[in-house]
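The next block holds one structure in the form of structure tokens; read it before the comments.
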Amino acid sequence: MEVGEIIKKVEYLADSDHIETMKRLGINCKNTYGLRVPVIKEIAKECGKDHELALNLWKINTRETKILASLVDNSKEVSSKQMDEWTDEFDD
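For the sequence shown, the numbering used here begins at 439 and goes up steadily by one.
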């Protein structure tokens, strides 16, 4: 699956009601489509493991694409530097 397809799917599945729930729970709702984690995990299964895809998803800087990036990245290709950067940037 390519980034464009993923974004179209995420936009289609956007859940504004869940964003309101997230706000009530104190979850940062900046840059989010409101997808629940089980939905994101299903998209990740469709994508499979792909380091380059993960890097490209991370750059988009939405809650969903960052979670997807962490799920589809190939752990054998992840560097300590990448993990440090992602950890520092997660809640941006």
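C-beta atoms are modelled at their ideal positions from N, C-alpha and C, and glycine is treated no differently.
query                                                                                                         : result
Any C-beta of chain B under 8 Å from that of D526                                                             : Of the protein chains in this structure there is only one, and it is not chain B.
Cβ-Cβ separation, V475 to I498 (assumed contact under 8 Å), whole Å                                           : At roughly 18 Å, the Cβ-Cβ gap does not stay under 8 Å, so I498 and V475 are not in contact.
Own chain partners of L495 with C-beta closer than 6 Å, once the 5 adjacent residues on each side are dropped : T503, L506 and A507
CA nearest to the CA of E527, picked from I481, S513, R501 and R462                                           : R501
Nearest neighbour of M439, chosen from G472, A492, M521 and K461 [CA to CA]                                   : A492
Through-space distance from E480 to V441, alpha-carbon basis                                                  : 15 Å
Per-residue DSSP class, three states only, for D453                                                           : coil
Beta-carbon separation (whole angstroms), E523 vs H489, contact threshold 8 Å                                 : In fact, because the Cβ distance is near 14 Å, the residues do not count as touching under 8 Å.
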